[in-house]
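Numbering (our numbering), first residue to last: 2 to 424. Built from N, CA and C at the ideal position, the CB exists for glycine as well.
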Amino acid sequence: MSRTKSWPPWSTTNTKSAHPSHHANSQGTAFKNPWPSADPPNWTELLQSKFPLEWYEDLSKKHPDTKDVKVVVPDWGASTLQKRGLARDKCIVATALGHAGVLTEQSLENGKSFYVVYDPIFSARAGPTQYTGPQRLRGSPCQVTDLPGCDAVVISHNHYDHLDLPTIQAILQRFPEARYFVPLGNKSWLRALGISPDKVTELDWWQSRNFSAQDFGHPPAVSPTEETLRFTCIPAQHNSGRGALDQGTTLWCGWVIEHLIGSEDEATLAKAKRKSAIYHAGDTGYRRSASSPAICPIFKEIGESLGPFDVSFVPIWRGGTLGFISRLGLRLSHDAVPSALHASPGDALDIHEEVKSRNTVAIHFGSFVGSDNESLEAVLEFEEERESRGVLELEGGEDTAKGRAGMVDIGGSFAVEVGVKDA
Numbered sequence: 002m003s004r005t006k007s008w009p010p011w012s013t014t015n016t017k018s019a020h021p022s023h024h025a026n027s028q029g030t031a032f033k034n035p036w037p038s039a040d041p042p043n044w045t046e047l048l049q050s051k052f053p054l055e056w057y058e059d060l061s062k063k064h065p066d067t068k069d070v071k072v073v074v075p076d077w078g079a080s081t082l083q084k085r086g087l088a089r090d091k092c093i094v095a096t097a098l099g100h101a102g103v104l105t106e107q108s109l110e111n112g113k114s115f116y117v118v119y120d121p122i123f124s125a126r127a128g129p130t131q132y133t134g135p136q137r138l139r140g141s142p143c144q145v146t147d148l149p150g151c152d153a154v155v156i157s158h159n160h161y162d163h164l165d166l167p168t169i170q171a172i173l174q175r176f177p178e179a180r181y182f183v184p185l186g187n188k189s190w191l192r193a194l195g196i197s198p199d200k201v202t203e204l205d206w207w208q209s210r211n212f213s214a215q216d217f218g219h220p221p222a223v224s225p226t227e228e229t230l231r232f233t234c235i236p237a238q239h240n241s242g243r244g245a246l247d248q249g250t251t252l253w254c255g256w257v258i259e260h261l262i263g264s265e266d267e268a269t270l271a272k273a274k275r276k277s278a279i280y281h282a283g284d285t286g287y288r289r290s291a292s293s294p295a296i297c298p299i300f301k302e303i304g305e306s307l308g309p310f311d312v313s314f315v316p317i318w319r320g321g322t323l324g325f326i327s328r329l330g331l332r333l334s335h336d337a338v339p340s341a342l343h344a345s346p347g348d349a350l351d352i353h354e355e356v357k358s359r360n361t362v363a364i365h366f367g368s369f370v371g372s373d374n375e376s377l378e379a380v381l382e383f384e385e386e387r388e389s390r391g392v393l394e395l396e397g398g399e400d401t402a403k404g405r406a407g408m409v410d411i412g413g414s415f416a417v418e419v420g421v422k423d424a
């Protein structure tokens, strides 16, 4: 049986109002970012900023040793597990589906795999129709019918590149028993597709919902050990809207999924042991602008409240709406434009550190961009930032104090060993 709990973190609690500070009204039908780090630039800042456009160099010639991501046929972790000598049932196996899309697999106590799909989009365009919206630079590595499983679909917000109608329709047809997890205001959209309301969990920031394996249709384990799958909706610095008239009327978020072993008893203060924890940031910014000291405080709170995480998925680039600029051969510098809603590669590594991530996989780049130069720029900047901070590459042995971070090919996989720890 599922159970909901919530707790009010200090930065999103409005002590002067009856509603949380990220709610723009008392009805819970309008939302906002409650931090100065999300404020738009003023006229003085805009006038003082440098011109944001310049001609692209051919980055592939300037950096011949740096490899951009490519599209590969998914093997759902088979090759990386074999290469590293890891057992699937001891790991979280994550496969990049392109853009912010990810599939994670982990083993339940009954030995069965538990699959979660995050922000999937398999369409050629991210828009209201297949003839409008940003177009892919790189194709999808697979289709919904190729997925090895789907117990849960986790959505961060309703922008077209994160909530794709044809993809959700295909998942509903292929995996009719899947559960859906969305932030406030998005449940009605899923219900309109014919998804049963009891299959949709809609949460506010910092609300959690506990589920058993049986809630997802899995048989119980042979042993009497209790296990819990806890889904927590957490804050992000972004926005929402699928048109001009619905801006900010639904919530945006990130998600944390914990696999807990044992039971919790508030009377005896007994706590379950945490076997694994996954963080998907969705789409988020980190600072007001590249030159601003105002940074979003929420990531340290996430790390303190729910970290550390075995694996995190953090965006490193803007959305695809401005991809036409690089398609023209021009470079749009995020150092010279407001960046409050999208993390840069450097911001992503700050988030990696603040949420206490063991392993961070870069997402939200390379798919809906305008050119190979733009995609390679994201890779180069991320790798330069990673090296300058002493964060090791993803593929490696023992954990390090600063964790690991990197990229995987679109369709490629990454595996991390997990084990039972105190929650």
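Provide the residue span of the alpha helix (DSSP H) that contains residue i, from first to last.
i: Pro346; result: Pro346 to Glu355
i: Val380; result: Asp373 to Arg390
i: Lys301; result: Ile299 to Leu307
i: Leu109; result: Segment: none, Leu109 is in no alpha helix (DSSP H) and carries neither H nor E.
i: Arg175; result: Leu166 to Arg175
According to DSSP, is residue i helix, strand or coil?
i: Gly324; result: helix
i: Leu194; result: coil
i: Lys403; result: coil
i: Pro75; result: coil
i: Thr226; result: coil
i: Gln238; result: coil
i: Lys422; result: strand
i: Val145; result: helix
i: Lys188; result: helix
i: Lys68; result: coil
i: Thr45; result: helix
i: Leu329; result: coil
i: Leu60; result: helix
i: Lys51; result: coil
Do you know offhand how far residue i's Cα is from residue j's?
i: Phe314; j: Gly286; result: 14 Å
i: Gln238; j: Gly321; result: 18 Å
i: Pro177; j: Asp348; result: 38 Å
i: Val118; j: Leu329; result: 34 Å
i: Gly404; j: Thr67; result: 22 Å
i: Trp36; j: Pro298; result: 8 Å
i: Thr146; j: Ser293; result: 45 Å
i: Ser290; j: His335; result: 8 Å
i: Arg137; j: Arg126; result: 6 Å
i: Asp216; j: Val72; result: 35 Å
i: Val392; j: Arg192; result: 43 Å
i: Ala245; j: Ala31; result: 14 Å
i: Gly367; j: His281; result: 18 Å
i: Pro346; j: Val419; result: 26 Å
i: Gly394; j: Pro149; result: One point to set straight first is that residue 394 is Glu, not Gly, in the sequence displayed. Each residue's Cα considered, the two are about 27 Å apart.
i: Trp8; j: Ser264; result: Because the pLDDT of Trp8 is 48, which lies under 50, any placement of that residue in the model is unreliable, and the number read from its coordinates should be weighed accordingly. Cα-Cα distance, rounded: 20 Å.
On the DSSP bridge list, what partners appear for residue i?
i: His24; result: Phe32
i: Tyr181; result: Val154 and Val201
i: His281; result: Trp256 and Phe314
i: Gln136; result: Arg126
i: Trp206; result: Trp206 is not bridged to any residue.
i: Val417; result: Ile93
i: Glu396; result: The partner list for Glu396 (beta bridge, DSSP) is empty, contrary to what the question assumes.
i: Leu87; result: None, per the DSSP bridge assignment.
Can you tell me where the beta strand (DSSP E) holding residue i begins and where it ends?
i: Ile364; result: Asn360 to Ile364
i: Ile93; result: Cys92 to Gly99
i: Phe115; result: Ser114 to Tyr119
Is there a Cβ of chain D sitting closer than 8 Å to that of residue i, yes or no?
i: Asp216; result: Among the chains in the structure shown there is no chain D, since it carries only a single protein chain.
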